[in-house]
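Please read the structure below before turning to the comments.
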């Protein structure tokens, strides 16, 4: 899975993106001819995700980015670029990953590369205080409202497609292939801040490979087919067409349910979670209704409530 990146290293270098030395054609493993154990070397790390995504350095400013292979027969590039437009990025409710660059491949019209900020799974390291999770939930619901207002249904608004900008949370950064280390090889010493001390942390939806966009509210239609990671969605695998926007609601509700079960003291959001995960899609709130209900629930929390710890 890493051969693709080796074969395109020079191409990406010419486009302004530097891959780690391991992916250079002239790479020689750092442990060869030395008294080093391979597993203690950074370039020994194997990426199971390398078939689709890899980290890189943007040469113009030395900023870390992610490069992803995407199919050109999906809506991932058009929708991602639309949501990344200058006009839409001015909306503070836009919590969709910013597409920094689109790179056509010279040898394959079926795929292209997109470049995105270097982000991290939104729930790692864990939330420590209730206020931190409230902030994340608010941003995610805002983001869903924003997408739906622009007639975009994500269709995979699930746990692994929610990320955060951890640059302030983890000032020393982390290694893409061994995410709980700073350098890839030094385990057991991983420094990070409390989210509330560097607030607000920014959260983002990624991966629009299953997404759809409609030209207007009136043109919205129903679907059959794939619904992403969450196989508990009641509409799946029904052959009857369903409302993709209500699937988004269920999927994000399942994310909230998962987090609620992993922490203590988050049951105050349980009524919202239940409403979002109704078996009957017509009983689920619209995104705007879910956000309104969320804000009603958190309005009852005192500063002391928000300051309580939630990690088990």
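Numbering (this note's numbering), first residue to last: 58 to 369. Glycine included, C-beta positions come from ideal geometry on N, C-alpha and C. For clarity, every value in this text was computed on a predicted model and none was experimentally measured.
Check, Outcome
"Cα-Cα separation, residue 192 to residue 237", "23 Å"
"Own chain, CB closer than 8 Å to residue 110, minus 5 neighbours either side, in chain order", "123, 124, 125 and 126"
"Pair within 9 Å by beta-carbon distance, residue 120 and residue 141", "no"
"3-residue-minimum beta strand (DSSP E) runs that sit fully inside the stretch 157 to 236, ordered along the chain", "158 to 162, 165 to 174 and 219 to 221"
"Minimum C-alpha distance to residue 128 - residue among 320, 162, 97 and 103", "162"
"9 Å Cβ cutoff met for residue 102 and residue 244", "no"
"Buried or exposed by the 16-neighbour rule on C-beta atoms within 10 Å, applied to residue 311", "buried"
"Nearest candidate by alpha-carbon position, reference residue 218, set 287, 272, 169 and 168", "287"
"At least three beta-carbon pairs within less than 8 Å, the stretch 202 to 212 to the stretch 266 to 273", "yes"
"Segment contact, 8 Å Cβ cut-off, at least three pairs: the stretch 298 to 305 with the stretch 277 to 286", "yes"
"Residue from 114, 198, 89 and 88 whose Cα sits closest to the Cα of residue 371", "Since the displayed the chain opens at 58 and closes at 369, residue 371 lies outside it and no answer follows."
"Status (buried if at least 16 other CB within 10 Å, exposed otherwise) for residue 308", "buried"
"Residue nearest to residue 323 in terms of C-alpha spacing, selected from 260, 187, 280 and 198", "187"
"Residue 138, buried or exposed, once every other Cβ within 10 Å from all chains shown has been counted against 16", "exposed"
"Residue burial classification, residue 196 (beta-carbon count within 10 angstroms, cutoff 16)", "buried"
"Three-way DSSP call (helix, strand, coil) for residue 153 in this model", "strand"
"Residue 297 versus residue 134: straight-line alpha-carbon distance, rounded", "28 Å"
"Bridge-paired residues (DSSP) for residue 402", "In the structure as shown, the chain begins at 58 and stops at 369. Residue 402 is therefore absent and cannot be evaluated."
"C-beta contact flag for residue 261 and residue 172 at 9 Å", "no"
"Local Cβ density within 10 Å of residue 146, reported as buried at 16 or more and exposed below that", "exposed"
"Close-in-space but distant-in-sequence residues of the same chain around residue 264 (CB under 7 Å, 5 per side omitted)", "213 and 218"
"Chain-order list of residues whose beta-carbon lies under 7 Å from that of residue 63 (same chain, five-residue window excluded)", "80 and 82"
"Limits of the alpha helix (DSSP H) - the one that residue 63 falls within", "60 to 64"
"DSSP beta-bridge partners of residue 366", "186"
"Helix, strand or coil at residue 303 according to DSSP, with G and I counted as helix", "helix"
"Three-way DSSP call (helix, strand, coil) for residue 353 in this model", "helix"
"Nearest candidate by alpha-carbon position, reference residue 300, set 315, 280 and 290", "280"
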